[in-house]
Amino acid sequence: MIFSLGAFEALSQDVGAAADTSAIKIDPPANVVAYDHPGDAGGAIMVEWELSPQDSPEHALILGYEIFRAIYPDGEYESIGVASPGNTSYVDANVRDEHEYIYKVTATSGEGPSAAAISNPATSSPEWINFGMVNLFI
C-alpha cells in the first residue's frame with residue numbers, strides 16, 4: 018500500500034483532532050452557599066454547592082473540587098481544601114468566630130480548573146445549645 022505524504026499529513030491531523038480534549042468546557046459548580054456550621058462550639062463554616070454538570074457517571078470528567086477562602090469579595094483567595102468528585106460540601110474548621118468569610122469553589126479536570134462559583138459571606142459563631150440533642154436533657 019502506498020500513501021502520499023499529503024494523505025499521511027491529513028490522517029495525522031484527523032487523529033490529532035479526535036484526541037484533542039481542550040475543546041471540552043468544564044462548568045463550575047452551581048449555587049455555592051456558606052453558613053455557620055450548626056450545633057458546634059464555633060470555629061467552623063459549612064460550604065455547600067451543586068455538582069458541575071460534568072460530574073456524572075456519563076461524563077466522569079471531574080477529578081474533584083477545590084475550595085478557596087477570602088476575607089473580602091475582591092480580596093485574595095487562598096486554597097483551603099479539596100473535595101472528591103460527587104461531594105457537595107466542605108467544612109472549613111479553621112475560621113475565627115464573628116469574622117466574615119467568602120468562599121469560591123472550582124471543579125477540576127485533567128484540563129485544569131473551571132471558572133469559580135462564589136458564595137455569600139458567612140460568619141461562624143458558637144452555639145451553646147445543640148438542638149439536635151435536646152431530648153437528652155429532658
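To convert, note that position 111 of the sequence shown is 128 in the numbering used here; the numbers rise steadily by one, no gaps.
We put the CB at the ideal spot given by N, CA and C, even for glycine.
In the displayed model, P130 falls within a strand according to three-state DSSP. Under the 10 Å beta carbon count, S141 is surrounded by 16 or more other beta carbons and is classified as buried. Under DSSP, the beta-bridge partners assigned to T125 are G81 and P130. For D44, there is no enclosing beta strand (DSSP E), since its DSSP letter is neither H nor E. Between V122 and V49, the C-beta gap is smaller than 8 Å, which places the two residues in contact.
Residue pairing for Y89: DSSP places it in no beta bridge. For the 8 Å CB-CB criterion, D72 and G98 do not form a contact. No Cβ-Cβ contact shorter than 8 Å links A132 with Y82.
Annotated as proximal: Y120 and F85, with beta-carbon spacing under 8 Å. Comparing alpha-carbon positions, the option among P143, D109, S136 and A47 lying closest to Y89 turns out to be S136.
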